[in-house]
Amino acid sequence: MSKSFNLKYDEPKKVRLDAFLNEQIEDLTRSQLQKFIKDGNVLVNEEPVSKTGVKLTKGDEILVNVPEEEPIKAIPQNIPIDVVYEDRDVLVVNKPQGMVVHPAAGHPDKTLVNAILYHCQINDDDVIRPGIVHRIDKDTSGLLMIAKNNLAKQSLMQQLKEKSNLREYLAIVHGNFKEKTGKINAPLGRSKFDRKKQAVVEGGRHAVTHFTVLEQFENYSLLKLKLETGRTHQIRVHMQYIGHPVAGDPLYGPKNTLPGKGQFLHAKTLGFVHPRTNEWMEFSVEPPKVFLDTLDKLRH
Numbered sequence: 001m002s003k004s005f006n007l008k009y010d011e012p013k014k015v016r017l018d019a020f021l022n023e024q025i026e027d028l029t030r031s032q033l034q035k036f037i038k039d040g041n042v043l044v045n046e047e048p049v050s051k052t053g054v055k056l057t058k059g060d061e062i063l064v065n066v067p068e069e070e071p072i073k074a075i076p077q078n079i080p081i082d083v084v085y086e087d088r089d090v091l092v093v094n095k096p097q098g099m100v101v102h103p104a105a106g107h108p109d110k111t112l113v114n115a116i117l118y119h120c121q122i123n124d125d126d127v128i129r130p131g132i133v134h135r136i137d138k139d140t141s142g143l144l145m146i147a148k149n150n151l152a153k154q155s156l157m158q159q160l161k162e163k164s165n166l167r168e169y170l171a172i173v174h175g176n177f178k179e180k181t182g183k184i185n186a187p188l189g190r191s192k193f194d195r196k197k198q199a200v201v202e203g204g205r206h207a208v209t210h211f212t213v214l215e216q217f218e219n220y221s222l223l224k225l226k227l228e229t230g231r232t233h234q235i236r237v238h239m240q241y242i243g244h245p246v247a248g249d250p251l252y253g254p255k256n257t258l259p260g261k262g263q264f265l266h267a268k269t270l271g272f273v274h275p276r277t278n279e280w281m282e283f284s285v286e287p288p289k290v291f292l293d294t295l296d297k298l299r300h
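Residue numbers 1 to 300, in UniProt numbering, belong to the letters of the sequence shown in order.
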């Protein structure tokens, strides 16, 4: 379903149209907005404009028509997946580092969803994310639970909403800690300075991360982190916020960091109530080789 934005510019100083829209509309990137302008989908005072650098003056009324996107249909692909547990309702997989969870504009195939569709028939109308009830970033490894039918999907999604499931991570982060445990309660939203990033922002979505220090090395620490909520990039942003960014993180970490294949973050433990049997189920997997090898180097 297509949507539109009605805006009014009320500042005395002139400003570029694309810059104003980028600041006002969080759901769209600047490049998307520029394309909408060039395609005639943006009107200023009821007249279509085609130049992104048009200057707005006080009192200008802007209408942005967002064209309806074609859904991205995932196709089954024979990609090996590490199945930790499976029955007729749920599937638990160990996602490798470097694999995208579901198809998107920049990753139309070779995702975990493509692999799942090949592995098993999932009864779901969602053409983009069949059976996916939560996700982890491309370069984060570890456990994901997948629903194989609507009964399982509703149950697992409700558990996520009620925060009754268990999601624990391992991370190597920069710096050392005085305290052994801690709680980060800081709301998250899109960064005002970089639209690819999330940030701690006033009025953002409630986000809570608990951490326990497991080991400390020279300039680095190994943490166990427990998610109370599951916001986009939550652990990565929260750790940066308290001055201990995840090592290897190309988006939120420093350039001088541990060499690897992206952030040293691993979804180690996953627990949930089975949607049909009501039995508590808990799974745990070791981090990938690059993570373990890096830990050995830090220890020695």
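Don't be surprised by glycine CBs; every beta carbon is placed ideally from N, CA and C.
Close CB contacts of aspartate 249 within its chain, under the 7 Å cut and outside five residues either way in sequence, are with Arg236 and Gln263 (chain order). Histidine 107 carries a strand assignment under DSSP once its states are collapsed to helix, strand and coil. Inter-residue distance for phenylalanine 193 and arginine 135 is about 25 Å (C-alpha atoms, whole angstroms). Under the rule that a run must span 3 or more residues, the beta strand (DSSP E) segments found entirely inside the stretch 138-197 read 141-147, 166-174, 181-185 and 188-190. Leaving aside the five residues that flank glutamate 218 on each side, the residues in its chain whose CB is nearer than 8 Å to its CB run, in chain order, Leu298. For threonine 294, there is no enclosing beta strand (DSSP E); the enclosing alpha helix (DSSP H) has its first and last residue at 289-299.
Taken atom to atom, the span from the alpha-carbon of histidine 206 to that of glycine 189 is near 9 Å. Remark: C-beta atoms of glutamine 234 and leucine 227 approach each other more closely than 8 Å. The Cβ-Cβ distance between valine 101 and valine 113 falls below 8 Å.
Rounded to the nearest angstrom, the Cβ distance from leucine 117 to alanine 74 is 6 Å, consistent with a contact under 8 Å. In chain order, Lys268 and Thr269 place their CB closer than 7 Å to the CB of serine 284, counting only its own chain and leaving out the 5 sequence neighbours on each side.
Taking 8 Å as the cut-off, the beta carbon of valine 246 is found no closer than this to the beta carbon of alanine 152. Excluding five sequence positions before and after aspartate 10, the CB atoms of its chain that fall closer than 7 Å to its own CB belong to Lys58, given in chain order. Counting only runs of 4 or more residues that sit fully inside the stretch 193-256, the alpha helix (DSSP H) segments are 234-241, in chain order. Counting of Cβ neighbours within 10 angstroms places tyrosine 252 among the buried residues, the total reaching 16 or more. Here threonine 140 is buried. Its C-beta has 16 or more other C-beta atoms within 10 Å. The Cβ neighbour count for proline 275, taken over all protein chains shown within 10 Å, is at least 16; the residue is labelled buried. For isoleucine 62, the pairing in a beta bridge is given by DSSP as Leu7 and Val44.
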